[in-house]
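First comes the structure, then the notes that go with it.
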Amino acid sequence: MSATTPNHTTAMHQATAALSRAGVHFQQPSGFQIKVGSFSFYPTKGTIFRDGEMQARSERGLPAFLRILRDTGHADADDKPVKPVDDPDAFIVKRLDEDDDFATE
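For the sequence shown, numbering that gives the first Met the number 0 begins at 0 and goes up steadily by one.
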């Protein structure tokens with residue numbers, strides 16, 4: 000794997016940690032896909048699809064996905080603000096906490 004190719008496992012962990020922090024209820028149908036309502040997100044490539052659309056949306060990446068979810072009412076805006084995802088480092092998984100759950104710093 001090239002240094003510029005994201006590891007799908009790391010990308011998935013980062014995305015699921017960010018979604019959990021944003022209060023988003025999601026499913027993970029495969030090791031490559033996250034499903035929230037009618038939206039599918041593929042963390043490794045950052046592509047976002049909506050059911051029924053023939054191609055990926057022009058917006059890409061985790062911050063864009065979280066903004067779409069907030070705008071469509073899928074993110075719990077009252078629990079934690081979604082705005083901090085504009086800084087990807089805020090959601091990158093840094094370590095496992097003492098309960099072996101993924102944590103961010």
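Beta carbons are placed, not taken as given, at the ideal position from N, Cα and C, and that holds for glycine.
Cross-strand partners of residue i (DSSP beta bridge)
| i | result |
| --- | --- |
| residue 46 | 41 |
| residue 35 | 38 |
| residue 26 | 34 |
Residue nearest to residue i in terms of C-alpha spacing, selected from the options
| i | options | result |
| --- | --- | --- |
| residue 67 | 32, 52, 47 | 47 |
| residue 63 | 38, 51, 54 | 38 |
Nearest-angstrom Cα separation, counted from residue j out to residue i
| i | j | result |
| --- | --- | --- |
| residue 33 | residue 27 | 5 Å |
| residue 14 | residue 52 | 22 Å |
| residue 17 | residue 74 | 11 Å |
| residue 54 | residue 9 | 25 Å |
| residue 69 | residue 19 | 13 Å |
| residue 58 | residue 65 | 11 Å |
Whole-number beta carbon distance between residue j and residue i, since they are thought to touch under 8 Å
| i | j | result |
| --- | --- | --- |
| residue 45 | residue 61 | 7 Å |
Other residues of its chain near residue i: CB distance less than 7 Å, five sequence neighbours each side excluded
| i | result |
| --- | --- |
| residue 11 | 30, 42 |
Own chain residues within Cβ distance below 6 Å of residue i, not counting five before or after
| i | result |
| --- | --- |
| residue 50 | 37 |
Nonlocal neighbours in the same chain, by C-beta distance under 8 Å from residue i, ignoring five residues either side
| i | result |
| --- | --- |
| residue 25 | 15, 18, 33, 34, 35 |
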